[in-house]
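Remarks on the structure that follows.
Residue numbers (the working numbering): 2 to 250.
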């Protein structure tokens with residue numbers, strides 16, 4: 002049984018690295034929240050999700066993991082919203098709920114490897130981050146930790162949330178991000194008087210049964226959802242369909 006992180010299924014098996022707090026396991030939920038922009042209207046759920054992976058430039062991790070594409074996630078919707086509001090996002094929010102695709106009874110991604118997670122909390126990685134933010138020199142041991150993490154090529158790094166006590170954030174590298182599928186994307190226009198909201202569901206039930214065509218849905222004004230039929234010709238859709246059903250479209 003697992004008591005690794007709050008967003009981890011308590012029934013999941015965990016494989017542990019011999020020397021570092023690195024775990025290979027599965028059955029997670031992850032949440033990411035971003036400020037909703039009008040430019041998001043018309044973009045498919047697939048496009049919006051892929052936009053969560055960004056080149057690591059200028060942020061606090063850029064000197065730690067240069068030339069890496071990264072994506073920030075949290076262990077709950079509340080923490081994800083708290084994190085983005087901490088940076089002045091307001092109340093027009095887009096919230097992504099993702100899971101490791103291998104968790105699903107019906108996976109849609111070829112890569113079935115469990116997630117490889119570095120427990121940065123045990124490594125006191127927040128101390129390293131704080132030093133980076135304050136332009137303080139790292140010790141030899143801290144530099145060694147960073148090198149060891151990079152050498153292991155993990156999927157993501159867990160670290161303490163400064164926005165909410167006893168909560169966890171996850172820094173995903175591209176390899177790990179590509180293992181994620183979406184359960185739901187929710188739009189809430191909290192700054193409007195009407196508090197308009199809507200959502201697109203792309204996996205249902207406790208088995209995470211996928212609805213792959215819904216990656217082709219998009220948000221339209223104001224807080225409506227529509228389908229882009231062209232998505233079914235997209236390489237991503239065709240790949241998911243082939244993995245899910247074992248046949249090509």
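Beta carbons are placed, not taken as given, at the ideal position from N, Cα and C, and that holds for glycine.
Q | Identity of the residues DSSP links to residue 210 by a beta bridge | A | DSSP output for residue 210 lists 205 as bridge partner(s).
Q) If we ignore side chains and look at the alpha-carbon of each, how far apart do residue 53 and residue 182 end up? A) Near 12 Å, if we compare the C-alpha coordinates of residue 182 and residue 53.
Q: State the DSSP-derived secondary structure class of residue 215, mapped to helix, strand or coil.
A: Secondary structure of residue 215 (DSSP, three-state): helix.
Q. CA-CA distance, residue 3 and residue 106?
A. Here residue 3 scores only 43 on pLDDT, less than 50, and its place in the model is too uncertain to base an answer on.
Q: Give the straight-line distance between the Cα atoms of residue 50 and residue 97, rounded to the nearest whole angstrom.
A: Residue 50 and residue 97: Cα-Cα distance of roughly 8 Å.
Q: For residue 182, write down the residues that DSSP places opposite it in a beta bridge.
A: Answer is 100, bridged to residue 182.
Q) DSSP on residue 36, reduced to helix/strand/coil? A) Three-state result, residue 36: strand.
Q. Once you ignore the five residues that flank residue 99 on each side, which residues in its own chain have a CB closer than 6 Å to its CB?
A. Answer for residue 99: 31, 181 and 183, listed in chain order.
Q | CB-CB length for residue 24 against residue 129, believed under 8 Å | A | Between the beta-carbon of residue 24 and that of residue 129 there is about 19 Å, and that puts the pair past the 8 Å contact cut.
Q) For residue 198, is the classification buried or exposed, using 16 other Cβ atoms within 10 angstroms of its Cβ as the cut-off for buried? A) It is exposed - the Cβ of residue 198 has fewer than 16 other Cβ atoms within 10 Å.
Q) Span of the alpha helix (DSSP H) holding residue 71? A) Where residue 71 is concerned, there is no enclosing alpha helix (DSSP H), although the beta strand (DSSP E) it sits in stretches over 70-75.
(Q) Measuring straight from C-alpha to C-alpha, what distance separates residue 146 and residue 239? (A) Their backbone Cα atoms lie some 40 Å apart in a straight line.
Q) First and last residue of the beta strand (DSSP E) that includes residue 227? A) Run containing residue 227: 225-228, per the beta strand (DSSP E) assignment.
Q: Work out the CA separation of residue 101 and residue 116 for me, nearest whole Å.
A: If you draw a straight line from the Cα of residue 116 to the Cα of residue 101, it is about 7 Å long.
**Q.** With 16 other Cβ atoms within 10 Å as the buried cut-off, status of residue 67
**A.** By the neighbour-count rule (16 or more Cβ atoms within 10 Å), residue 67 is not buried but exposed.
Q.
According to DSSP, simplified to helix, strand and coil, what is residue 199?
A. Here residue 199 carries a strand assignment [DSSP, helix/strand/coil].
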